[in-house]
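Quick note on the numbering used here: the sequence shown kicks off at 104 and runs consecutively. All C-beta atoms, glycine included, are put in the ideal place defined by N, C-alpha and C. Note that the structure is predicted; figures quoted are calculated from it, not measured. Here is the structure we will look at, set down as structure tokens.
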Amino acid sequence: MITDFSVFRKKYDLTPDIKIFIVVGGYGTLRKALKERGWFENPDKHSPVFDLKFAIRNDNPVDLKDFQITNHFQKNNVITTKVGLSYSLKSLIWWNTVDVNTFFPRCYDLTDGNELEDFKQEYRFQRAESIVKLYVMNPENMPNIERLIVAICLAEKRLKDIDDQLDDPMLELNVTEKEWDIIKEDKLTAEKVAEINEMKWYQKAKARLDNKDGGGAMLAEYEQQYYEEPIDTPAKQITKVATQKKGASAKQQQPVVQDDEDEDEEYGGEEGDEYGDEDYGEEETATVDNRKAGAKGPIEGKVYPYMAICEQLLDKLKSKDPQYDINGFRNTWILKPGGKSRGRGIKCFRSYEKMMAHMRKVHARQWVVQKYIENPLLILKKKFDIRQWVLVTDWNPLTIWVYNECYVRFSPKDYDPKKISDRYMHLTNNAIVSKCEAFHESEIEGNMWSCDEFSEYLQTTFGGKQGKDIFQEVIWPQMSKYVVCSLESVQDMVEARKNSFEFLGYDFMVDEQLKVWLIEVNSSPSMDHSTHVTERLVKMVLSDLPKVILDYPRARKKAQCDTGGFVLCHKNKIMVEKPGNANRLNLALEGKKITK
Numbered sequence: 104m105i106t107d108f109s110v111f112r113k114k115y116d117l118t119p120d121i122k123i124f125i126v127v128g129g130y131g132t133l134r135k136a137l138k139e140r141g142w143f144e145n146p147d148k149h150s151p152v153f154d155l156k157f158a159i160r161n162d163n164p165v166d167l168k169d170f171q172i173t174n175h176f177q178k179n180n181v182i183t184t185k186v187g188l189s190y191s192l193k194s195l196i197w198w199n200t201v202d203v204n205t206f207f208p209r210c211y212d213l214t215d216g217n218e219l220e221d222f223k224q225e226y227r228f229q230r231a232e233s234i235v236k237l238y239v240m241n242p243e244n245m246p247n248i249e250r251l252i253v254a255i256c257l258a259e260k261r262l263k264d265i266d267d268q269l270d271d272p273m274l275e276l277n278v279t280e281k282e283w284d285i286i287k288e289d290k291l292t293a294e295k296v297a298e299i300n301e302m303k304w305y306q307k308a309k310a311r312l313d314n315k316d317g318g319g320a321m322l323a324e325y326e327q328q329y330y331e332e333p334i335d336t337p338a339k340q341i342t343k344v345a346t347q348k349k350g351a352s353a354k355q356q357q358p359v360v361q362d363d364e365d366e367d368e369e370y371g372g373e374e375g376d377e378y379g380d381e382d383y384g385e386e387e388t389a390t391v392d393n394r395k396a397g398a399k400g401p402i403e404g405k406v407y408p409y410m411a412i413c414e415q416l417l418d419k420l421k422s423k424d425p426q427y428d429i430n431g432f433r434n435t436w437i438l439k440p441g442g443k444s445r446g447r448g449i450k451c452f453r454s455y456e457k458m459m460a461h462m463r464k465v466h467a468r469q470w471v472v473q474k475y476i477e478n479p480l481l482i483l484k485k486k487f488d489i490r491q492w493v494l495v496t497d498w499n500p501l502t503i504w505v506y507n508e509c510y511v512r513f514s515p516k517d518y519d520p521k522k523i524s525d526r527y528m529h530l531t532n533n534a535i536v537s538k539c540e541a542f543h544e545s546e547i548e549g550n551m552w553s554c555d556e557f558s559e560y561l562q563t564t565f566g567g568k569q570g571k572d573i574f575q576e577v578i579w580p581q582m583s584k585y586v587v588c589s590l591e592s593v594q595d596m597v598e599a600r601k602n603s604f605e606f607l608g609y610d611f612m613v614d615e616q617l618k619v620w621l622i623e624v625n626s627s628p629s630m631d632h633s634t635h636v637t638e639r640l641v642k643m644v645l646s647d648l649p650k651v652i653l654d655y656p657r658a659r660k661k662a663q664c665d666t667g668g669f670v671l672c673h674k675n676k677i678m679v680e681k682p683g684n685a686n687r688l689n690l691a692l693e694g695k696k697i698t699k
């Protein structure tokens with residue numbers, strides 16, 4: 104291997120003014136663009152002789168010369184991995200007043216004991232919230248009154264915080280095992296109901312709600328509407344459940360590495376269903392199906408105990424929790440192995456126990472679980488996500504470019520939230536959905552839309568009589584804002600280096616309220632010509648890339664420099680001072696007792 108520039112130039116008869124580049128991967132358009140500039144391609148992909156290197160993996164030599172340009176920063180995994188992004192966004196509070204919960208669905212690292220406990224509590228609280236929501240949606244299909252009462256108490260508890268606990272040391276902010284034992288089941292046995300009604304804490308909770316809402320009298324009247332006898336005997340149950348659960352065994356997978364694989368890798372996942380191991384059934388399905396079949400919620404003239412309490416409670420939860428709407432009522436979560444890309448190994452769960460069993464079976468090094476967006480915006484009955492290209496040319500000051508065109512990726516099958524085991528209804532990555540038989544039967548060619556097609560649909564559907572440009576006025580500002588927020592959160596963690604840059608693929612989803620949610624940030628995003636949409640866009644973005652990384656830094660009049668489709672989205676006005684070595688710092692906080 105030749106390691107000396109002068110020896111290399113002599114071997115290939117290159118003059119000193121000719122630049123040398125290395126491209127690793129299928130970036131043919133970038134190669135062409137550089138050669139058109141008179142650059143020479145070094146055929147040795149591992150050679151240290153280059154002026155610019157663009158590669159899938161971050162395998163640059165540690166002794167890079169100042170003039171050498173590379174497409175990766177060291178420690179970029181703090182944002183380009185699922186685990187890294189989850190942790191890093193928690194640091195956004197130090198850089199921006201934007202609440203991360205307003206744009207990033209709750210996410211937990213299940214290999215961390217504290218995060219696992221936090222997730223367990225969140226899962227349980229959302230179970231309680233779902234019970235209350237379902238009751239308000241269709242009280243005709245009311246669950247056991249005991250489950251409802253405990254769920255109401257837990258939803259009230261969810262509204263409290265650490266300050267309330269300081270005022271009342273006896274206050275328990277978590278879901279206790281006794282409470283969970285009641286709400287976790289879809290249907291309580293007669294013996295269980297009798298046992299619950301003998302519990303003093305339950306009796307106090309019920310009495311408090313009865314006094315607050317007149318629930319005791321209302322409950323008696325409600326019982327008379329359905330039964331010849333009141334249901335204070337445990338033999339009477341209110342819950343009506345319908346369907347059987349269906350299960351499918353999870354496939355054994357090999358252990359995965361901690362860092363996510365680069366997206367621009369050949370898909371090597373297993374064939375068949377990897378997405379989920381259970382379909383919806385039970386009480387939630389019966390409730391929603393009955394409502395769609397004709398039930399219209401509360402029936403005039405009938406009495407529903409605790410309804411006013413539930414409605415007020417949900418209003419308070421919605422005002423406090425920015426993720427209230429995406430929570431839905433099915434308590435669905437997405438489990439992702441920390442080291443896989445392109446949707447591989449992803450499974451959806453509603454059951455906490457089944458999720459834990461799957462983790463024990465697969466033995467991945469890292470797992471993250473993220474809240475499933477239960478109210479996705481659908482187009483032609485299909486789920487979709489948005490791929491947005493982003494370019495970071497400096498971390499200090501933080502300098503961010505976004506490409507002025509994104510594209511939309513659709514699932515090949517119509518969305519059905521009850522069928523979480525069918526990944527072709529839930530995933531949109533082309534490497535996976537292209538294997539679906541319905542892929543070529545979809546009315547959406549290639550299961551992709553250009554930015555213009557997406558924009559036209561939004562304007563036609565939501566623009567109103569004035570023809571408001573929903574994409575430019577509603578969607579695009581949110582995407583740009585969250586790109587900046589996410590990168591701000593790691594600006595002091597990534598190792599900044601002049602003449603390095605990072606090309607990223609951001610994935611967003613949109614909910615029914617046209618609210619944008621950040622899902623993932625991908626390093627080395629796939630630049631395949633898989634469809635007519637990506638073929639055009641990939642050629643454009645790779646042709647424009649040299650304009651930003653080569654021409655713009657040297658342009659005297661930046662405003663007049665041609666940067667193609669790349670738009671300067673953000674540039675910090677101040678430099679960020681990184682903390683020095685803290686090994687010798689004394690971080691102890693000392694004090695003394697207050698004397699009277």
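Of the residues assessed, Val651 falls on the buried side of the cut-off, its CB having 16 or more other CB atoms within 10 angstroms. With fewer than 16 other beta carbons inside 10 angstroms of its own, Ile677 counts as exposed. Look at Met462 here: in three-state DSSP terms it is helix.
In this structure the segment 543-557 does not lie against the segment 521-530, because fewer than three pairs of beta carbons, one per stretch, are closer than 8 Å. Taking every protein chain shown into account, the CB of Asp488 has 16 or more other CB atoms within 10 angstroms, so this residue is buried. Taking a contact as a CB-CB distance under 8 Å, the pair Glu232 and Ala258 counts as one, their CB atoms being some 6 Å apart. With a cutoff of 8 Å on beta-carbon distance, Ala467 and Gly431 are scored as not near each other. When the beta-carbon positions are compared, Asp154 and Ile123 come within less than 8 Å of each other. Under a 10 Å Cβ-count criterion, Arg657 is classified as exposed, with fewer than 16 other Cβ atoms of the shown protein chains found around its own Cβ. About 6 Å separates the CB atoms of Asp212 and Val471; that is less than 8 Å, so the two are in contact. Here Phe557 is buried. Its C-beta has 16 or more other C-beta atoms within 10 Å. If only uninterrupted beta strand (DSSP E) runs of at least 3 residues are considered, those enclosed by the segment 487-516 are 487-498, 501-506 and 510-513. For Lys484, the secondary structure class from DSSP, reduced to helix, strand or coil, is coil.
Of the residues Leu648, Pro500 and Lys138, the one whose Cα lies closest to the Cα of Leu590 is Pro500. In this model, Glu540 and Gln171 are separated by some 46 Å (Cα to Cα).
The residues Glu508, Gly667 and Gly668, in chain order, have a CB closer than 8 Å to that of Met643 in the same chain once the five nearest residues on each side in sequence are set aside. By the neighbour-count criterion, in which 16 or more other beta carbons inside 10 Å mark a residue as buried, Lys405 falls on the exposed side. Residue state for Thr205 is assigned as helix, using DSSP reduced to three classes. Here the alpha carbons of Leu648 and Lys695 stand approximately 60 Å from one another. Non-local C-beta neighbours of Ile622 in its own chain, meaning closer than 6 Å and more than five positions away in sequence, comprise Asp610 and Met612, ordered along the chain.
Within the segment 207-258, the beta strand (DSSP E) runs of at least 3 residues that lie entirely inside it are, in chain order, 210-212.
Counting along the chain, Asn430 sits inside the alpha helix (DSSP H) bounded by residues Tyr427 to Asn430. Secondary structure at Cys539: coil, using DSSP grouped into helix, strand and coil. In this structure, Phe176 lies near Arg600, with their beta-carbon atoms less than 8 Å apart. About 23 Å separates the Cβ atoms of Ala158 and Val186, ruling out a contact at the 8 Å cut-off. With contacts defined by Cβ atoms closer than 8 Å, Val670 and Val493 do not form a contacting pair. Counting of Cβ neighbours within 10 angstroms places Thr292 among the exposed residues, the total staying below 16. Boundaries cannot be given for Ile523, as no alpha helix (DSSP H) includes it and DSSP labels it neither H nor E. Nearest C-alpha to Leu312 among Asp428, Ala254 and Ile286: Ala254. Cα atoms of Asn217 and Gln229: separation of roughly 18 Å, rounded to the nearest angstrom. According to the DSSP assignment, Val641 belongs to the alpha helix (DSSP H) that extends over His635 to Pro649. Between the alpha carbons of Val495 and Phe606 lies a distance of about 7 Å.
Taking 8 Å as the upper bound for CB-CB distance, Gln426 and Asn174 are not in contact here, some 34 Å apart. Setting aside the 5 residues that flank it on each side, Ser545 is surrounded in the same chain by Pro515, each with a C-beta closer than 6 Å to its C-beta; the list follows chain order. Boundaries of the beta strand (DSSP E) around Pro440: Trp436 to Pro440.
CA-CA distance, Ile449 to Arg639, rounds to 30 Å.
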